[in-house]
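For reference, the structure is listed below as structure tokens.
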Amino acid sequence: MTDTATELPVLSRKGVPAPAVRIVHLGLGAFHRSHQVWFTAKAHDGAEWGIAAFTGRRPDAALALAPQDGLFTLVQRAADGDRFEVLPTIAEALDGADTARLNELLAAPTTAIVTLTVTEKVYDDDGPDTPLGRLVRGLAVRRAAEAGPIAVVSCDNVAGNGEVACAAVERIAHVLDPELAAWVRENVSFVGTSVDRITPRTTADDVALVAAACGYRDAAPVVAEPFASWILSGEFPAGRPAWEDAGALFVDDIEPFENRKLWLLNGAHSILAYSGQLRGHTTVAEALADPVCRDAMEAFWEEAARHLTLPELDVSGYRAALLERFANPRIAHYLDQIAQDGSLKLRMRAVPVLRAERADGRSGLGAARMIAAWMDFSVNAVEHGAEFHDPLEREVRAALALERRDRTVALLNLVDGALAQDATVVDRVDSLLGTFFRP
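In my numbering, the protein residues as written are 10 to 448.
And the structure:
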């Protein structure tokens, strides 16, 4: 930041009270702020729905936002320029370790909703000090306080995220107290969602840009594309904001919309992330401009589209919109960020399409190519000592020590055990290794 910027006032509410907390969020990060916070701010009753947002593993976001009274600037970055907007909805930005405040808020009858952006791997972790472990202990306090029913809304890229969140919470609750698990079944509604807004990492240049354009210091702005989508299915027994004012869609069956997003958007991101980095690219826009990467993405889309048949999904229109969004030259959506946790992400992005294609008597070449690209990316990262983020990193590294076909089987087994037992699939994936290495 420039010297001039350091002399500017810090973004603050200037004595205006924050909205009363009615929503608790676990997983305070950039996406939450560009998505759920934005949708709430845009609701006509948004001023009545303050959010207390708790961080995950690190307190950094809370440390940055607390001195700003929870305020931050959303920079909507379109191809033709930036639009700056201060969002007032976060009433409290809190360290996730502050379980006393979490319990206090969950015990309040006025708290109606808990939203989650905790990432895919958290749903498999039953530890007491995980975000879901803290949530369950907070629900126990709510039960004791007789504070009434509440909705839990998962906003993570997990297939059937409402059901997955329900199963994880009930599992942890049952270990803590079987009667608590019974109370959860009767009093907690789990809402499934499909969320969508490209939100790249904020850079020092973004911080300086906000200071220059807005005339104040904001330590934690968020950059996002103009497009935003939120599709929800489930009940809100204690009420909710009018999110539909910002374009949220409420449906009876979310699975088709969820699959459209997981396969077409997230699946495309994965294949671009692995193929693009193997070919020397750093952003989605760069990878999309490479015909080799784009052709691989389009081939996968053709396979996925065969299994997205409802007319209201408008698959052709959705694909056209994705191409425009991905090509936005001013959104630096970094491939290394997308590539993380591949062993988990491929289970939801590549595996369902590969299985569906195989069931219909086709090879599933496009989906298999995505898996092969992940394998090549993993091998390349380890061989070159690059950073490699995956919850199964130990198992991935162990597999990389094997001979080629055994390695292919071992890595495929981390993604889907049944596919690893299918010799035809193994042969197909193995034959695609090296596809994206530059000559």
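Every residue gets a Cβ at the ideal spot worked out from N, C-alpha and C, and that includes glycine.
DSSP three-state label for residue i, please.
{"i": "residue 12", "result": "Note that residue 12 scores 48 on pLDDT, short of 50, meaning its location in the model is unreliable; the coordinates nonetheless yield the value given after this. In this structure, residue 12 counts as helix in the three-state DSSP scheme."}
{"i": "residue 272", "result": "helix"}
{"i": "residue 222", "result": "helix"}
{"i": "residue 354", "result": "helix"}
{"i": "residue 205", "result": "strand"}
{"i": "residue 442", "result": "coil"}
{"i": "residue 211", "result": "coil"}
{"i": "residue 397", "result": "coil"}
{"i": "residue 361", "result": "helix"}
{"i": "residue 370", "result": "coil"}
{"i": "residue 425", "result": "coil"}
{"i": "residue 413", "result": "helix"}
{"i": "residue 432", "result": "helix"}
{"i": "residue 385", "result": "helix"}
{"i": "residue 115", "result": "helix"}
{"i": "residue 420", "result": "helix"}
{"i": "residue 406", "result": "helix"}
Closest by CA to residue i, which one among the options?
{"i": "residue 121", "options": "198, 233 and 417", "result": "198"}
{"i": "residue 108", "options": "355, 130, 84 and 64", "result": "64"}
{"i": "residue 378", "options": "308, 129, 353 and 239", "result": "308"}
{"i": "residue 155", "options": "119, 303 and 294", "result": "119"}
{"i": "residue 112", "options": "136, 130 and 151", "result": "151"}
{"i": "residue 224", "options": "446, 17, 447 and 444", "result": "17"}
{"i": "residue 409", "options": "370, 366, 388 and 321", "result": "388"}
{"i": "residue 373", "options": "352, 314, 246 and 182", "result": "314"}
{"i": "residue 248", "options": "72, 164 and 157", "result": "157"}
{"i": "residue 179", "options": "196, 304 and 220", "result": "196"}
{"i": "residue 34", "options": "432, 72, 337 and 163", "result": "163"}
{"i": "residue 306", "options": "298, 281, 291 and 288", "result": "281"}
{"i": "residue 287", "options": "337, 32, 317 and 446", "result": "446"}
{"i": "residue 228", "options": "317, 145 and 78", "result": "78"}
{"i": "residue 147", "options": "130, 105 and 129", "result": "105"}
{"i": "residue 97", "options": "136, 89, 31 and 21", "result": "21"}
{"i": "residue 170", "options": "219, 252, 192 and 266", "result": "266"}
{"i": "residue 85", "options": "47, 442 and 200", "result": "47"}
Going by other Cβ atoms of all chains shown within 10 Å of its Cβ, with 16 needed for buried, is residue i buried or exposed?
{"i": "residue 83", "result": "buried"}
{"i": "residue 278", "result": "buried"}
{"i": "residue 53", "result": "exposed"}
{"i": "residue 24", "result": "exposed"}
{"i": "residue 153", "result": "exposed"}
{"i": "residue 212", "result": "exposed"}
{"i": "residue 386", "result": "buried"}
{"i": "residue 210", "result": "exposed"}
{"i": "residue 311", "result": "exposed"}
{"i": "residue 430", "result": "exposed"}
{"i": "residue 440", "result": "exposed"}
{"i": "residue 11", "result": "Interpretation of residue 11 is limited by its pLDDT of 44, a score under 50 that renders its predicted location unreliable; no figure is taken from the coordinates."}
{"i": "residue 399", "result": "buried"}
{"i": "residue 284", "result": "buried"}
{"i": "residue 433", "result": "exposed"}
{"i": "residue 59", "result": "buried"}
{"i": "residue 382", "result": "buried"}
Taking 8 Å as the CB-CB cut-off, is residue i touching chain B?
{"i": "residue 375", "result": "Although the question refers to chain B, the structure presented lacks it and comprises just one protein chain."}
Tell me, to the nearest whole angstrom, how far the beta carbon of residue i is from that of residue j; I am working on the premise that it is less than 8 Å.
{"i": "residue 61", "j": "residue 100", "result": "6 Å"}
{"i": "residue 233", "j": "residue 207", "result": "7 Å"}
{"i": "residue 274", "j": "residue 344", "result": "Contact doesn't hold; Cβ gap of about 15 Å is too wide."}
{"i": "residue 44", "j": "residue 237", "result": "6 Å"}
{"i": "residue 50", "j": "residue 235", "result": "15 Å between Cβ atoms; not a contact."}
{"i": "residue 269", "j": "residue 189", "result": "Their Cβ separation, rounded to whole angstroms, is 36 Å, which puts residue 269 and residue 189 out of contact at 8 Å."}
{"i": "residue 376", "j": "residue 366", "result": "7 Å"}
{"i": "residue 95", "j": "residue 132", "result": "Rounded, the Cβ-Cβ distance is 33 Å, inconsistent with contact."}
{"i": "residue 167", "j": "residue 129", "result": "5 Å"}
{"i": "residue 362", "j": "residue 272", "result": "6 Å"}
Just checking residue i against the ligand GDP - is the residue's beta carbon closer than 7 Å to any of the ligand's heavy atoms?
{"i": "residue 252", "result": "Absence of the ligand GDP from the depicted structure is noted, as is the absence of any ligand whatsoever, leaving it without description."}
(request) List in chain order: all unbroken beta strand (DSSP E) runs of 3+ residues lying wholly within the region 312–349. (result) none
(request) Mind listing, in chain order, the continuous beta strand (DSSP E) runs of no fewer than 3 residues lying wholly within the region 228–305? (result) Counting only unbroken stretches of 3 or more residues, the beta strand (DSSP E) elements lying wholly within the region 228–305 are 231–233 and 238–242, in sequence order.
(message) Restricting to runs no shorter than 3 residues, where is the beta strand (DSSP E) found entirely within the region 117–202?
(response) 122–125 and 159–163
(message) To test your reading of the DSSP string, which unbroken alpha helix (DSSP H) runs of 4 or more residues are found completely within the region 51–104?
(response) 69–74
(message) My parser needs the beta strand (DSSP E) runs of 3 or more residues fully inside the region 20–54; what are they?
(response) 30–35
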